[in-house]
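Protein sequences appear in the order of chains A and B. Here our numbering is used: the first residue of the first sequence is -11, the next is one more, and so on. Here our numbering is used: the first residue of the second sequence is -11, the next is one more, and so on. Quick reminder that beta carbons are idealized off the backbone N, C-alpha and C, glycines included. No experiment lies behind these values; they were computed from the predicted model shown. Contents: one structure, followed by commentary.
There are 2 protein chains.
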Amino acid sequence: MSSARAGNRAGVRPKRPTMVDVAREAGVALRTVSRVVNNDPTVGPENAAKVRVAIATLNFRPDERARQLRTGITGTIGAAVRRIAEVNPALAAIEQTARTWGQTLLAASTDFDEAREREILISMCRQRLDGIIVEPIGESHSYLEPELEAGIPVVAMDRPMSGIAADCVMSDNASGIGMAFHHLHGHGHRRIAYIGDSERVFSGRERAAAFRAALRSHGQPVEGLVHPGELTPERVAAALDVALHGAAPATALVTGNMDTTIAVLRLLGREAASRLAIVGFDEVPLADLLQPALTVVAQDTATIGRTAIELLRARIADPARPLQTVIVPLELRIRGSGEVRA
Amino acid sequence: MSSARAGNRAGVRPKRPTMVDVAREAGVALRTVSRVVNNDPTVGPENAAKVRVAIATLNFRPDERARQLRTGITGTIGAAVRRIAEVNPALAAIEQTARTWGQTLLAASTDFDEAREREILISMCRQRLDGIIVEPIGESHSYLEPELEAGIPVVAMDRPMSGIAADCVMSDNASGIGMAFHHLHGHGHRRIAYIGDSERVFSGRERAAAFRAALRSHGQPVEGLVHPGELTPERVAAALDVALHGAAPATALVTGNMDTTIAVLRLLGREAASRLAIVGFDEVPLADLLQPALTVVAQDTATIGRTAIELLRARIADPARPLQTVIVPLELRIRGSGEVRA
DNA sequence: CTGAAAGCGCTAACAC
DNA sequence: GTGTTAGCGCTTTCAG
């Protein structure tokens, strides 16, 4: 079965043919091969044919690295996201758009790790990518200042970057939280709690602040209702306990992101979920199949991704254009869990 | 706000300093700079210091492309998967392992499209990646023959490649289907139906065949019970209708992959799901939160990913080693939907 | 239309 | 220890 590799001795990687080899085989100059490979029309038909034959017989494939080194452009854009291999319509949109433009996408996971993010970003810079889209994790990205100065375009997605001046596209967190709150308030709830991500995270900060603002604007007390923090099951359980079993139990709940929503649903178990009104921030997979189906305020992640890469293109085309921050609206998706009356 | 870029005129990308510039700045030879950059210990401490100062003042970053061209290795492995930006523990495992080995991962989506797959694979070859992992889509990959010959290691994941000799890791589809069948049979079901992917797809073929074999080995007729085909809602609905509303309605159902499972659950609606026994092939997100919770035969995708990259490493280390196909067992996860009695 | 030669930014022999 | 000199494989002036 391994006969296909019979010619290969262990460890001896056969050398690939280069343009010189092709030129020799075809009996033309190196330059002519290059022209054929790049579809330059100024090549005589018979020469072109000879070259193509030589390419086929030698199985020549141009070395992209050499071309990139010479031309100075990589035709590749980088995406440093929190998780490739997780549902991420923004990333999907970026890849699709990049492909449309004939660009390659180099995607890597920061894994919510600041050091890892830095590694990836620096590595992308060393590879001289045409541009970088990043879902920022770290608190300061000032180490990228020299890279920006050197001309590598960077666009932030989901959160702004601090320490450097980069374009940014993100959701309208405040309005999204407001939407969720008002929806529940409109269904008669007067004790609405919030459980969400830590305020050390930008979006966690924005959403918790927006929720507090919503409470105040409705003349409600804040204490016991707003629970930002780490996303451990224990912490969420504790927060849930305070919210539901205090002196004045909440009758409705806003969860600040997908992981919180799922954690809460798991904790509530099957039946309890139908007595408490819940609106989740962020879409959840199979939300429509849950019981009751989950009402969410959904981010328009596809638009976010598309905008990110468009901002990047614009920045590449004109490094001097004014910085831009795009805020993308969210959408309330009514499915049942948020329509439980008080 | 755009002051940080004040120095950049539109379109004029500032040239980055090279090693020559650093050498001049530091007053040493090019070679010495190279040594410092590569942490070569044979550099005098004061020279090293001078170089480091020069690097910092000029904001020098070595150009990875040039290094790759010179050394011949890219330090990058490619993964052509069906979808990045979707849940894919195999990809996650690959990325993590690659990182551990100091390799960069270049991931791209074939998007279930044969032409796209070909584009990506060829592009990866032109970039001279150290190796490629692919979830094959196309029916023949013989066009990769020259590339293999030229020494680029390729490993197939989830399905074998046809037309070329490549290592492969995949799930034990037949056993998985057998497990699902026997589980339902053990709960008293005597009319068990199967709805799954088209038999034009390798795994669809394997699973449908295994299901037919299971039926036969239990002396049951096959007609009306095995429904492979396209994954459109209409087709699945029609298959479901035949299975449930025929002369001898099925009392249990095996769904052949995640998309089929979800389609079926959507079609059945909330209540019907608790009367029909269902075992899904493939894990489904939030399966434990559904009602009833979904029993599945889960692929060990993390192991598949880890195995894929280990096979790749082994192949890179020894191109002459015998071809290997690794079959990974599946696991029955009992949650409720598969334990409804006949 | 085609060819010779220079060079992209770096590493690797081989002197000194 | 350090510097000099070749290239890696390609594109690109610039002559023919």
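| query | result |
| --- | --- |
| Taking CB distances under 7 Å as the criterion, tell me whether Pro273 of chain B reaches chain A. | yes |
| Kindly give me the distance between the Cβ atoms of Ala198 of chain A and Ile165 of chain A, rounded to whole angstroms, as I take these residues to be in contact under 8 Å. | 4 Å |
| Taking the alpha-carbon positions, what's the Val210 of chain A to Ala236 of chain A distance? | 12 Å |
| Compute the Euclidean distance between the alpha carbons of Thr291 of chain A and Ser205 of chain B, then round it to the nearest angstrom. | 52 Å |
| Is it true that the CB of Ile121 of chain A sits closer than 7 Å to the CB of Ala81 of chain A? | no |
| How would you call Asp155 of chain B, buried or exposed, if buried means at least 16 neighbouring beta carbons within 10 angstroms? | buried |
| Taking C-beta pairs closer than 7 Å, name the residues in chain A that Ala96 of chain B reaches, listed in chain order. | Leu93 |
| Could you tell me the distance, in whole angstroms, from the CA atom of Leu278 of chain B to the CA atom of Gly63 of chain A? | 44 Å |
| For Asp28 of chain A, count neighbouring C-beta atoms within 10 Å of its own C-beta (all shown protein chains included) and say buried if the count is 16 or more, exposed if not. | exposed |
| Is the shortest distance between the beta-carbon of Leu219 of chain A and the beta-carbons of chain B less than 7 Å? | no |
| Would you call Ile72 of chain A buried or exposed, if buried means 16 or more other Cβ atoms sit within 10 Å of its Cβ? | buried |
| Identify the contact partners of Pro77 of chain A in chain B, using a Cβ-Cβ distance below 8 Å as the criterion. | Ala73 |
| How would you label Ser130 of chain A, buried or exposed, when you count the other beta carbons within 10 angstroms and need 16 or more for buried? | exposed |
| Quick test of the definition: if touching needs 3 or more C-beta pairs under 8 Å, does the region 239 to 247 of chain A touch the region 184 to 193 of chain A? | yes |
| Please report whether the beta-carbon of Leu253 of chain A lies at a distance below 7 Å from any beta-carbon of chain B. | yes |
| Applying the 10 Å Cβ sphere with the 16-neighbour rule, what's the burial state of Thr313 of chain A? | exposed |
| Quick one: list the residues of chain B neighbouring Asn27 of chain A, beta-carbon separation under 7 Å, in chain order. | Those within 7 Å of Asn27 of chain A in chain B number zero; the least Cβ separation is about 15 Å. |
| Under a Cβ-count criterion, where at least 16 other Cβ atoms within 10 Å of its own Cβ denotes burial, should Ala(-6) of chain A be classed as buried or exposed? | For Ala(-6) of chain A, the pLDDT reaches just 35, beneath the cut-off of 50, and the residue's location in the model is therefore unreliable, although a value from the coordinates is still provided. Result: exposed. |
| So, for Thr6 of chain B: in the same chain, excluding its five sequence neighbours on each side, which residues have a beta-carbon less than 8 Å away from its beta-carbon? | Phe48 and Asp51 |
| Report buried or exposed for Val8 of chain B, applying the criterion of at least 16 other Cβ atoms within 10 angstroms of its Cβ. | exposed |
| For a contact meaning CB atoms closer than 8 Å, what does Pro148 of chain A contact in chain B? | Chain B residues near Pro148 of chain A: none, gap ~12 Å exceeds 8 Å. |
| Quick one: which residues of the region 119 to 136 of chain A get their C-beta closer than 8 Å to a C-beta of chain B? List them in chain order. | Glu133, Pro134, Glu135 and Leu136 |
| Please report the straight-line C-alpha distance between Thr85 of chain A and Ala296 of chain B, rounded to a whole angstrom. | 29 Å |
| Specify the secondary structure class of Thr243 of chain B as computed by DSSP and reduced to three states. | strand |
| Considering Glu127 of chain B, what are the terminal residues of the alpha helix (DSSP H) in which it resides? | Element bounds for Glu127 of chain B: n/a, residue is neither H nor E. |
| To the nearest whole angstrom, what separates the beta carbons of Val69 of chain A and Ser97 of chain A, a pair I think is in contact under 8 Å? | 7 Å |
| Mind pulling the chain B residues with CB within less than 8 Å of Ser111 of chain A? | Glu52 and Thr92 |
| Do Pro148 of chain A and Gly119 of chain A count as a contact pair if the criterion is CB distance below 7 Å? | no |
| In chain order, what residues of the region 282 to 306 of chain A put their CB closer than 7 Å to some CB of chain B? | Asp306 |
| Mind checking if Ala168 of chain B is an interface residue toward chain A, Cβ cutoff 7 Å exclusive? | no |
| Within the region 241 to 311 of chain A, note down every full beta strand (DSSP E) run reaching 3 residues or more, in order along the chain. | 265 to 269 and 283 to 286 |
| In chain order, what residues of the same chain have a beta carbon less than 6 Å from the beta carbon of Ala138 of chain B, not counting five sequence neighbours either side? | none |
| With a 10 Å radius around its C-beta and 16 neighbouring C-beta atoms as the bar for buried, classify Phe100 of chain A as buried or exposed. | exposed |
| Hey, which unbroken runs of the alpha helix (DSSP H) at 4 residues or more fall wholly within the region 169 to 226 of chain A? | 190 to 205 |
| Any Cβ of chain A within less than 7 Å of the Cβ of Arg12 of chain B? | no |
| Report the option in B:Val41, B:Ala42 and B:Arg19 whose CA atom is closest to the CA atom of Val31 of chain B. | B:Arg19 |
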